[in-house]
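**Student:** Quick one: structure below, then a few questions.
There are 2 protein chains.
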Amino acid sequence: MVLSNHVECTTMSPKKIKELTEKKHRVETGLFLVEGEKNIVELLHSDFEIVALLGTKQFIGAIMPHIREYEQNPEHPEFTLEETTEAVLVRSGTLVSNNAGIAVARQKDAASIESLLEAAQKSIVVLLDDVRDPGNLGTIIRTADWYGVTYIAASPTTTDFYSSKVIGATMGSFTRASITYVELEDLLLQAKKLHIPVIVAHMEGENIHTTELPNKGFLLMGSESHGVSSLSQSFATNMVTIPRFGKAESLNVSVATGILLDAMRSER
Amino acid sequence: MVLSNHVECTTMSPKKIKELTEKKHRVETGLFLVEGEKNIVELLHSDFEIVALLGTKQFIGAIMPHIREYEQNPEHPEFTLEETTEAVLVRSGTLVSNNAGIAVARQKDAASIESLLEAAQKSIVVLLDDVRDPGNLGTIIRTADWYGVTYIAASPTTTDFYSSKVIGATMGSFTRASITYVELEDLLLQAKKLHIPVIVAHMEGENIHTTELPNKGFLLMGSESHGVSSLSQSFATNMVTIPRFGKAESLNVSVATGILLDAMRSER
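Quick mapping for you: the protein sequence lines, in order, are chains A and B. Each residue of the first sequence is one higher than the one before, counting from 766 in my numbering. Each residue of the second sequence is one higher than the one before, counting from 766 in my numbering.
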């Protein structure tokens, strides 16, 4: 690492870092922000490449063992480590208060359609059709991680994985997730040819507790407002329903994902 | 209803309405805001008393059948109905854009400890220990409604039920929920005397899929950051755990509530 105590020496100004809160700049640079202690510690133990790490003196001191461990990996290039103030952290990132730090990391390549198909033949892959809320996407990634699901494919209209709100809501699980943005119909067409199960939640489906659920394949979740599109729905091999006992019209998409993954895993 | 087309005639100015986004003013007035089409339509079919309803001409036209139905109930006092512009709606409420309306409604009395204990002897009552995020509380209320759970008791540190973000996230389920803020220890002490089950999620608990779960009693959920306090935990009659297959350290509290309610309901 290159330790810098002066803003002049850093490779990235607060302004440049702040720009990464916008998708346009994330796409241009291939970088993204990681904020919050838990997320930064998990980042240091992941296979993401870190470009810069800013933090208060106290925070950098506290996470130094993790930084040393990161640096011991010869594959990791040097990065800028900078002690800074809470005021600069707030100015550079998205949090209202930040007495820890901000990391700038490099985005990873998305998985290919082939690897998604391969994964779905061995385990569960979650497909997201138009999930717009960053909190929901982050919570789904965290939930998938709990159930050992690594691969997620999302429609191009789904909110950006690398947005700070998504990363924040994953509580570190972003480091173990692989998200690919893809036209779901293209993927589902191939899934059909390979006879990969496609599980879709639907009001008229089979009760998840009394029907036999596959423990691999694609679990397709719809948007907050419109559910799964009818075109995507037409690829379903298993229509399932979460039994309802009250009057709510629907469940939140991340809650429904949790209940379905739990049912699929507990079937084994 | 008293139909008013002029801001001068309404009983509540945009400023007065906007004030209800602050807890202080909600406590002072006993009123709260309801925004969004789905929430307003559900409000009109609930036993909440409506004080004022502002909306665009188009929105009021669209929901007029629901308004008429509300008015036919002789127990409902008259309320102010006002046609207004999107600009006024945005200025009066919390949404970035609002082409529908805003309702001002009167808060209901909370349930007594006695009725919570009675409910927990017949069905499931959710207890929330320090849930701070409004989105999480709203989603928990929506999830509880899906599973037919009406009564929720929350520690005084839990976020305010009547905040606009909570109401928004319930997607109409706030109309069927009863939330009581109470010192959980007081309630749990009484529950113990009455031998009411207290279910607590805990890493070291019994697997929810292999242990027999009670289908009534208190389901105690902890905060986002600290889980269930050790004092509250000491009242647990059933320590349960959601089996984990991956590496996430924990689940989001509303996702965990969904999975636990699903398991408790499917046991029957």
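A virtual CB, placed ideally from N, CA and C, is assigned to each residue, including glycine. Note that the structure is predicted; figures quoted are calculated from it, not measured.
1. What residues from chain B crowd round lysine 1012(A), counting only those whose CB sits closer than 7 Å?
2. Do threonine 1022(A) and glycine 970(A) have their CB atoms nearer than 9 Å?
3. Name, please, each residue of chain B whose Cβ falls closer than 7 Å to the Cβ of glycine 900(A).
4. The beta strand (DSSP E) spanning methionine 1004(A) covers which residue range?
5. For isoleucine 944(A), decide whether its Cβ has a neighbour in chain B, counting only Cβ atoms nearer than 9 Å.
6. Between phenylalanine 983(A) and isoleucine 889(A), what straight-line distance do the alpha-carbon atoms span, to the nearest angstrom?
7. Check methionine 986(B) in the structure and name its three-state DSSP category.
8. With 9 Å as the threshold, decide whether the Cβ of valine 1020(A) is near any Cβ in chain B.
9. Please report the distance separating the alpha-carbon of phenylalanine 1059(A) from that of alanine 1013(B).
10. Pull up the distance between the alpha-carbon of leucine 996(A) and that of leucine 1025(A), whole angstroms please.
11. Chain A beta carbons: is any one of them nearer than 9 Å to that of proline 1008(B)?
12. Can you pull the chain A residues whose beta carbon is under 8 Å from the beta carbon of isoleucine 878(B), in chain order?
13. In whole angstroms, what is the alpha-carbon distance linking threonine 794(A) and isoleucine 815(A)?
14. Going along chain A in order, which residues have a C-beta closer than 8 Å to the C-beta of serine 1031(B)?
15. So which residues of chain A does leucine 1016(B) contact, with C-beta pairs closer than 8 Å?
16. With DSSP run on the structure shown, which of helix, strand or coil describes arginine 871(A)?
17. Within the 9 Å Cβ cut-off, does serine 857(A) reach chain B?
18. Would you identify the three-state DSSP class for isoleucine 944(A), choosing helix, strand or coil?
19. Among residues of its own chain, excluding the 5 on either side of proline 921(B), which ones have a beta-carbon nearer than 6 Å to its beta-carbon?
20. Taking 8 Å as the cut-off, is the beta-carbon of lysine 788(B) closer than that to any non-hydrogen atom of the ligand MN?
21. So who's on the other strand from valine 891(A), going by DSSP bridges?
22. Can you name the start and end residues of the alpha helix (DSSP H) that threonine 845(B) belongs to?
23. Can you tell me which residues form a DSSP beta bridge with glutamate 814(B)?
24. Quick one: does alanine 875(B) have its CB under 9 Å from some CB of chain A?
25. Would you kindly work out how many angstroms separate the C-alpha atoms of arginine 791(B) and serine 943(A), rounded to a whole number?
26. Hey, could you find the ends of the alpha helix (DSSP H) glutamate 851(A) is sitting in?
27. Reducing DSSP to helix, strand and coil, say where asparagine 972(B) ends up.
28. When the Cα atoms are used, what is the spatial distance from lysine 803(B) to phenylalanine 926(B)?
**Tutor:** Result, derived from the coordinates:
1. To locate residue 1012(A), count along the first sequence from 1; it is residue 247. Ordered by position in chain B, the residues that pass the 7 Å Cβ test against lysine 1012(A) are Asp910 and Arg941.
2. Here residue 1022(A) corresponds to residue number 257 of the first sequence, with the count starting at 1. Here residue 970(A) corresponds to residue number 205 of the first sequence, with the count starting at 1. Result no, Cβ atoms of threonine 1022(A) and glycine 970(A) do not sit closer than 9 Å.
3. Counting from 1 along the first sequence, the entry for residue 900(A) is found at position 135. Ordered by position in chain B, the residues that pass the 7 Å Cβ test against glycine 900(A) are Gly900.
4. Counting from 1 along the first sequence, the entry for residue 1004(A) is found at position 239. 1003-1006 is the span of the beta strand (DSSP E), which, as asked, contains methionine 1004(A).
5. For this step, residue 944(A) is matched to residue 179 along the first sequence. For isoleucine 944(A), the answer is no, since every Cβ of chain B falls outside 9 Å of its Cβ.
6. Within the first sequence, residue 983(A) is the residue found at index 218, counting from 1. Within the first sequence, residue 889(A) is the residue found at index 124, counting from 1. Computed Cα separation, rounded: 6 Å.
7. Here residue 986(B) refers to the residue found at position 221 when the second sequence is read from its first residue. Correct three-state label for methionine 986(B): strand.
8. For this step, residue 1020(A) is matched to residue 255 along the first sequence. Output row for valine 1020(A): interface = yes.
9. Nothing about residue 1059(A) can be read from this structure; chain A reaches only from 766 to 1033.
10. On the first sequence, position 231 is the one that residue 996(A) refers to. On the first sequence, position 260 is the one that residue 1025(A) refers to. Taking the straight line from one Cα to the other gives about 21 Å.
11. Within the second sequence, residue 1008(B) is the residue found at index 243, counting from 1. So, interface residue.
12. Residue mapping note: residue 878(B) aligns to position 113 of the second sequence, counting from 1. Per Cβ cutoff of 8 Å: no residues; isoleucine 878(B) is ~23 Å from chain A at best.
13. Against the first sequence, residue 794(A) aligns to sequence position 29. Against the first sequence, residue 815(A) aligns to sequence position 50. Each residue's Cα considered, the two are about 13 Å apart.
14. Position 266 of the second sequence holds residue 1031(B). Per Cβ cutoff of 8 Å: His974 and Pro1008.
15. Here residue 1016(B) refers to the residue found at position 251 of the second sequence. The contacting residues are Arg907, Thr908, Trp911 and Gly1023.
16. Here residue 871(A) corresponds to residue number 106 of the first sequence, with the count starting at 1. Three-state result, arginine 871(A): strand.
17. For this step, residue 857(A) is matched to residue 92 along the first sequence. Serine 857(A) does not count as touching chain B.
18. Here residue 944(A) refers to the residue found at position 179 when the first sequence is read from its first residue. Of the three classes helix, strand and coil, the one that applies to isoleucine 944(A) here is strand, per DSSP.
19. As a working mapping, residue 921(B) is identified with position 156 in the second sequence. Annotation for proline 921(B): Tyr946 place their beta carbon closer than 6 Å to its own, counting only its chain and skipping 5 residues before and after.
20. This structure does not include the ligand MN; it has no bound ligands of any sort.
21. Here residue 891(A) corresponds to residue number 126 of the first sequence, with the count starting at 1. Paired residues: Ile917(A) and Leu984(A).
22. Indexing the second sequence from 1 puts residue 845(B) at position 80. It is not in any alpha helix (DSSP H) - threonine 845(B) instead sits in the beta strand (DSSP E) that spans 845-848.
23. The residue labelled residue 814(B) in the question sits at position 49 within the second sequence. Its beta-bridge partners are Arg871(B).
24. Here residue 875(B) corresponds to residue number 110 of the second sequence, with the count starting at 1. So, not an interface residue.
25. Locating residue 791(B) in the second sequence gives position 26, where the first residue counts as 1. Locating residue 943(A) in the first sequence gives position 178, where the first residue counts as 1. So the two alpha carbons sit approximately 44 Å from each other.
26. Taking the first sequence and counting its residues from 1, the one referred to as residue 851(A) is at position 86. It spans 851-857 - the alpha helix (DSSP H) in which glutamate 851(A) sits, taken as one unbroken run.
27. Position 207 of the second sequence, counting from 1, holds the residue named residue 972(B). The answer is strand: DSSP assigns asparagine 972(B) an E or B state.
28. Translated into the one-based positions of the second sequence, residue 803(B) becomes position 38. Translated into the one-based positions of the second sequence, residue 926(B) becomes position 161. So the alpha carbons of these two residues sit roughly 18 Å apart.
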